[in-house]
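Visitor: Input: one structure, supplied below.
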Amino acid sequence: MKYKMLVLDMDDTLLTDDHKISDENKEMLFKAQEKGVLIILASGRPTPAMTAYAKELQLDNSYMISYNGAVVTDLKEDKIIFEQTLTQEQIHELYEYSLKSKTHIITYLDGKVVSETSSEYIDIELNITGLEHNKVVDFKATVQSSAVKCILLEEPSYLKEVEKDLKLAMPHLSVSMSKPFFLEVAQNGIDKGASIKILADKLGILQSEIIAVGNAGNDLTMIEYAGLGVWVDNVDPELRYKANVIVASNNNHGVAEVVRRFILA
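All residue numbers for the sequence shown refer to the numbering used here, where the first residue is 3 and numbers rise by one.
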């Protein structure tokens, strides 16, 4: 099979635990591009927290999927070609749910992370994204517009139970876990798999010509959609059987292994 598109989750997949692209991964991705394969970064991260990595990989003529699929950006034209947001009413509904479920909640406005609270898990998101924290007195009064997504945050074992409850309580929204302490919420039908399909259809690339690589629940839709779905070895244990292939972990250059085995071979 000649693959034409390689879609990569970033945190805990392409990136090592210290948020870097290993030299091995970088070298193999350059070789994949030389063969004409389109490299797509697909992350729960906000767009601004992805652009430096896209530049590092010289993806100037490619596309980027951010906010868990809510935004697709044409990097060559530097413009958004797809965007789907949560409504203000839905965000307020999620805020009320966060109070009831005793979880923290964040959203993104004006390039900042907005929350009413502080926590170690919000600090992790701030560290990952490099975005400024706009800690506000009144979340609902601050959020007077739509936004691309919200995240509920809490201790992992508790948040797993919240995930089950939220899916039942709000079946009209897209709910998935990106890290054990990040429960991502987007508009109904929005996920990485759906956005890859939109992009592939636009570019005339077949489903069978796509490889997707990830590690977490928010990657599952793209793993299932792609012609070849790949987990890195540090995948959430309950998801291991849901991919075609498992490669080395994020810290052991799993992405480079994918390129060697399925693109350069």
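For every residue, glycine included, the Cβ atom is placed at its ideal position computed from N, Cα and C.
With 16 other CB atoms within 10 Å as the buried threshold, where does Pro48 fall?
Guide: By the 10 Å Cβ count, Pro48 comes out buried.
Visitor: Per DSSP, which residues does His135 bridge with? Please list them.
Guide: Beta-bridge pairing links His135 to Val115.
Visitor: Within a Cβ cutoff of 6 Å, which residues of the same chain sit near Ile153, ignoring the five residues on either side of it in sequence?
Guide: Ile108, Phe184 and Glu186.
Visitor: Quick check on Asp80: does DSSP put it in helix, strand or coil?
Guide: Reduced to three states, the DSSP call for Asp80 is coil.
Visitor: Take the Cβ of Phe32 as the centre, count every other Cβ of all protein chains shown within 10 Å, and call the residue buried at 16 or more, exposed below.
Guide: Under this definition Phe32 is an exposed residue.
Visitor: Please go through the same chain and pick out, in chain order, the residues whose beta-carbon is closer than 7 Å to the beta-carbon of Arg262, but skip the five residues on each side of it.
Guide: The residues are Met30.
Visitor: Go through its chain and collect everything with a Cβ distance to Tyr5's Cβ below 8 Å, but skip five positions before and after it.
Guide: Closer than 8 Å at the Cβ level, and outside the excluded window around Tyr5, lie Val39, Glu211, Ile212, Ile213, Gly229, Leu230, Phe264 and Ile265.
Visitor: Along the chain, where does the beta strand (DSSP E) that runs through Gln35 open and close?
Guide: Where Gln35 is concerned, there is no enclosing beta strand (DSSP E), although the alpha helix (DSSP H) it sits in stretches over Asp25 to Glu36.
Visitor: Would you mind sorting Asn129 into buried or exposed? The rule is 16 or more other CB atoms within 10 Å of its CB.
Guide: The residue in question, Asn129, is exposed, as its Cβ has fewer than 16 Cβ neighbours within 10 Å.
Visitor: Just to check my reading of the structure: Gln146 and Gln90 have Cβ atoms closer than 8 Å, yes? What is that Cβ distance to the nearest angstrom?
Guide: Sure, about 6 Å apart at Cβ, within 8 Å.
Visitor: From the DSSP output, which residues share a beta bridge with Phe184?
Guide: Note: Phe184 sits in a beta bridge opposite Leu155 and Lys181.
Visitor: By the 10 Å Cβ neighbour count, where 16 or more other Cβ atoms means buried, how is Tyr243 classified, buried or exposed?
Guide: It is exposed - the Cβ of Tyr243 has fewer than 16 other Cβ atoms within 10 Å.
Visitor: Along the chain, where does the alpha helix (DSSP H) containing Gly195 start, and where does it finish?
Guide: It spans Lys194 to Leu205 - the alpha helix (DSSP H) in which Gly195 sits, taken as one unbroken run.
Visitor: For Glu26, which residues from the same chain have a beta carbon less than 6 Å from its beta carbon, with the 5 sequence-adjacent residues on both sides left out?
Guide: Hits under 6 Å: His255 and Ala258.
Visitor: Reducing DSSP to helix, strand and coil, say where Tyr5 ends up.
Guide: Reduced to three states, the DSSP call for Tyr5 is coil.
Visitor: When the Cα atoms are used, what is the spatial distance from Leu241 to Lys199?
Guide: Roughly 22 Å between the two C-alpha positions.
Visitor: List the residues that DSSP assigns as beta-bridge partners of Ser100.
Guide: None; Ser100 has no bridge partner.
Visitor: Could you check where the alpha helix (DSSP H) with Tyr55 kicks off and where it finishes?
Guide: Thr53 to Glu58 is the extent of the alpha helix (DSSP H) around Tyr55.
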